[in-house]
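Letter by letter, the sequence shown follows residues 1 to 533 of the UniProt record's numbering.
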Amino acid sequence: MLNNNKFFSEREVNLIPDVSQALSWLEAHPDALKGIGRGIERETLRVRPDGHLATTGHPASLGSALTHKWITTDFAEALLEFITPVHQDIDHLLAFLRDIHRHVARELGEERMWPMSMPCMIAPDQDIELAQYGRSNIGQMKTLYRQGLKNRYGALMQIISGVHYNFSLPLSFWQEWAGVKDAESGKEAISDGYLRLIRNYYRFGWVIPYLFGASPAICSSFLQGKESALPFDRSDKGMLSLPYATSLRLSDLGYTNKSQSNLGITFNNLPDYITGLKAAIKTPSEEFAAMGVKDENGDWLQLNTNVLQIENELYAPIRPKRVTRSGEAPSDALQRGGIEYIEVRSLDINPFSPIGVDANQVRFLDLFLVWCTLADAPEMNSAELACTRKNWNRVILEGRKPGQTISMGCEESQHLLVDVGKALFSDLRRVAETLDSQSDEHHYQEVCDRLVASFDDPDLTYSARFLDILKENGIAGAGLALAEQYRAQLSEESLEVLTEQQFSDEAQRSQDSQQDIEESDTLDLETFLKGKS
């Protein structure tokens, strides 16, 4: 891979880690990547035919949002969340997700699924109903947690939608790469490998909003009359935009929490990460303490007055995860079994896809996450983590700006974003060749070739393409047109992987399960919550 070109000599020294040895190892062990596990969670708002937020409850025909395996709600009754099982085949994974969309589109009647991340047409005094999960203690706790989110950060921030991508490498990879024997005895080495991935994700993950950010503009109604320090261009269609923005969803306007910036949670080893996470749910907050836990009428305002009510309140672009057992906290699951998979949380809803995500994005994430695992990743203290956030913010707010630069860590020296991106893709293409060698297809290499062109021509990025549409039609107009198009398309398509009987059976099973949980409660809510604190 040596090249006399100055670009590549700079690349080796400055732009990205030297991964040549690791890539040579991967090319010699292509079977190590057979069996990558993937899962997708997609959020979408239910809206009325006029584009305003639906005020109806979660459709009963969809089953119980508390216990349904595939269809639930997130913050609000109107915020649907679709969850796929883990699968190793990308086409099957996306067909499963599309089947969920097809079924729901038929069950929503006249309502539509909003096709973008940022909400629109929210009335200034609109009361956004929190997600309801029944009368069980755990169901009421989930709603009370959302009450706390609403009081702490406002409801509008909580109805921003995204796509989460869950990714795990097969045990065979860790056996070859890290020399582990099995998942249990090798859990420390596997966790260290995933934390290495996460550190590289913080350093280079800004490439995701650069390529796939699709929220370069917001509805003026989103600000609810508040002023913003951002120099927005205002359109006559009620749209606020930035000329080079990629993902305002990931900006300070979106899903962030400044009160968490001083927690000092790092990703250098699992015990320190768990300790930091557990400390955060015990760390008092003066701001939240002033709010109180209950109002003068005894109604709950939040679960507690700590910086985090529960661990899931920690906002992050990526999370280490393990499937939890019943009643188990995420950190306890990690402590028990180590990191099982990682959850990528930086994807905007893809407005060009009826299901909010496409195969090109999945394949790119595979390539990038494998690279993040292979590349050297020196330890990061909280100061460097804060420095990486500056790169992300630069790309989020003006990533397509001509001559845009990126810094490495907290160094003052700057590198052209286009150079760093192309250096990264020269490595990703080698990963792509390895993954493609498992079949007769060239899908991964085609994705590389298609996406690398976005660095020389930023107009090819999702944000640039979508901004053109938004400028012509406005957010409301574009959103309504896409929502109607996708509703008609999905409603008429046949199911591929699942059957209507399976959806009916799961809806009934989920309702029965919720009833069982409610009938098995023996504690009053107050006592139950004390046991959780």
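Yeah, the Cβ is synthetic: ideal placement off N, Cα and C, and Gly gets one too.
Query raised in the report: For Trp-392, does the three-state DSSP call read helix, strand or coil?
Result: Counted from its first residue, the sequence shown places residue 392 at position 392. In the structure shown, Trp-392 sits in a helix (DSSP, three-state: H, G or I).
Query raised in the report: Are the stretch 355-374 and the stretch 33-45 touching by the rule of at least three beta carbon pairs closer than 8 Å?
Result: yes
Query - Own chain partners of Leu-197 with C-beta closer than 7 Å, once the 5 adjacent residues on each side are dropped - result: For the purposes of this step, residue 197 is identified with residue 197 of the sequence shown, where counting begins at 1. Ile-342, Leu-369, Cys-372, Thr-373.
**Report entry** Sequence-distant residues of its chain with Cβ nearer than 6 Å to His-103 (five each side left out)
**Finding:** Here residue 103 corresponds to residue number 103 of the sequence shown, with the count starting at 1. The answer, listed in chain order, is Phe-503.
**Report entry** Alpha-carbon to alpha-carbon, Ala-279 and Leu-314
**Finding:** Stepping through the sequence shown from its first residue, residue 314 is reached at position 314. Stepping through the sequence shown from its first residue, residue 279 is reached at position 279. Taking the straight line from one Cα to the other gives about 12 Å.
Requested in this report: Would you list the residues sitting across from Val-163 in a DSSP beta bridge?
Outcome: As a position in the sequence shown, residue 163 is number 163, starting the count at 1. Beta-bridge pairing links Val-163 to Arg-42, Leu-347.
Report task. State whether the stretch 130-143 contacts the stretch 510-522, with contact taken as three or more CB pairs (one from each stretch) at a distance under 8 Å. Result -> yes
Requested in this report: Answer with buried or exposed for Thr-67, where buried requires no fewer than 16 other C-beta atoms within 10 angstroms of its C-beta.
Outcome: Taking the sequence shown and counting its residues from 1, the one referred to as residue 67 is at position 67. Buried: at least 16 other Cβ atoms inside 10 Å.
**Report entry** Residue range of the unbroken beta strand (DSSP E) whose run includes Thr-499
**Finding:** Your numbering for residue 499 matches position 499 in the sequence shown. Thr-499 -> no beta strand (DSSP E), and no H or E assigned at all.
Query raised in the report: Can at least three beta-carbon pairs, one atom from the stretch 244-255 and one from the stretch 491-505, be found at a separation below 8 Å?
Result: no
Query raised in the report: Going along the chain, which residues of its own chain have a beta-carbon closer than 7 Å to the beta-carbon of Gly-337, five neighbours each way excluded?
Result: By 1-based counting over the sequence shown, the position of residue 337 is 337. These residues qualify, in order along the chain: Lys-187, Arg-322.
Requested in this report: Just list the beta strand (DSSP E) runs in the stretch 312-376, keeping only unbroken ones of 3 residues or longer that don't cross its boundaries, in chain order.
Outcome: 318-321, 341-347
Query raised in the report: If we count the other Cβ atoms within 10 Å of its Cβ and call it buried at 16 or more, is Pro-320 buried or exposed?
Result: If you number the sequence shown from 1, residue 320 lands on position 320. It is buried - the Cβ of Pro-320 has at least 16 other Cβ atoms within 10 Å.
Requested in this report: Write down every uninterrupted run of the alpha helix (DSSP H) in the stretch 116-190 whose length is 4 residues or greater and which is fully enclosed by it, in chain order.
Outcome: 137-153, 155-158, 171-177
Query raised in the report: Using CA coordinates, which residue listed in Asn-306, Gly-403, Asn-269 is at the minimum distance from Ser-285?
Result: Locating residue 285 in the sequence shown gives position 285, where the first residue counts as 1. The candidate whose alpha carbon is nearest that of Ser-285 is Asn-306.
Report task. Would you give the residue range spanned by the beta strand (DSSP E) that Phe-232 belongs to? Result -> Position 232 of the sequence shown, counted from the start, is the residue given in the question as residue 232. Segment: none, Phe-232 is in no beta strand (DSSP E) and carries neither H nor E.
Query raised in the report: Whose C-alpha, out of Gly-213, Arg-199, Pro-402, is nearest the C-alpha of Asn-269?
Result: For the purposes of this step, residue 269 is taken as the residue at position 269 of the sequence shown. The residue with the shortest Cα to Cα distance from Asn-269 is Arg-199.
Report task. Return helix, strand or coil for Glu-411, following the three-state DSSP convention. Result -> Numbered from 1 along the sequence shown, position 411 holds the residue referred to as residue 411. Correct three-state label for Glu-411: coil.
Query raised in the report: Where does His-87 sit, in a helix, a strand or coil, going by DSSP?
Result: Taking the sequence shown and counting its residues from 1, one reaches residue 87 at position 87. His-87: strand per DSSP, three-state reduction.
**Report entry** Local conformation of Thr-283 per DSSP, three classes
**Finding:** As a first step, residue 283 must be located in the sequence shown, where it is residue number 283. In this structure, Thr-283 counts as coil in the three-state DSSP scheme.
Query - Where the beta strand (DSSP E) containing Ile-71 begins and where it ends - result: Here residue 71 corresponds to residue number 71 of the sequence shown, with the count starting at 1. Element bounds for Ile-71: 71-73.
Query - Nearest-angstrom Cα separation, counted from Leu-26 out to Ser-185 - result: Along the sequence shown, read from residue 1 onward, the residue named residue 185 stands at position 185. Along the sequence shown, read from residue 1 onward, the residue named residue 26 stands at position 26. Each residue's Cα considered, the two are about 23 Å apart.
Query raised in the report: What separation, rounded to the nearest whole angstrom, lies between the Cα atoms of Gln-302 and Phe-75?
Result: As a position in the sequence shown, residue 302 is number 302, starting the count at 1. As a position in the sequence shown, residue 75 is number 75, starting the count at 1. Looking at the two C-alpha atoms, the distance is approximately 14 Å.
**Report entry** Same chain only: Cβ atoms within 7 Å of Thr-405, ignoring 5 sequence neighbours per side
**Finding:** On the sequence shown, position 405 is the one that residue 405 refers to. Once the five neighbours on either side are set aside, the close Cβ partners of Thr-405 are Gln-414, His-415, Leu-416, Leu-417.
Query raised in the report: Is Ala-383 helix, strand or coil by DSSP?
Result: Sequence index remark: in the sequence shown, residue 383 carries index 383 (1-based). Helix, per DSSP.
Report task. Could you check if Lys-142 is buried or exposed, using at least 16 other CB atoms within 10 Å of its CB as the buried criterion? Result -> For the purposes of this step, residue 142 is taken as residue 142 along the sequence shown, with counting starting at 1. Under this definition Lys-142 is a buried residue.
Query - When Leu-428, Cys-448, Leu-435 are compared against Pro-17, the one with the closest alpha-carbon - result: In the sequence shown, residue 17 corresponds to position 17, counting from 1. It is Leu-428 whose Cα lies nearest to the Cα of Pro-17.
Report task. Using the DSSP secondary-structure output, state which residues sit across from Gly-37 in a beta bridge. Result -> On the sequence shown, residue 37 is found 37 positions in, with the first residue counted as 1. Gly-37 is bridged to Ser-168.
Query raised in the report: So what's Thr-405 in DSSP terms, helix, strand or just coil?
Result: Mapped onto the sequence shown, residue 405 falls at position 405. Correct three-state label for Thr-405: strand.
Query raised in the report: In this structure, does DSSP put Leu-80 in helix, strand or coil?
Result: The residue you call residue 80 lines up with position 80 of the sequence shown. Note: Leu-80 maps to strand in three-state DSSP.
Report task. Rank Thr-388, Glu-433, Gly-399, Ala-423 by C-alpha distance to the C-alpha of Glu-411 and give the top, closest one. Result -> Translated into the one-based positions of the sequence shown, residue 411 becomes position 411. With distances taken between Cα atoms, Glu-411 lies closest to Thr-388.
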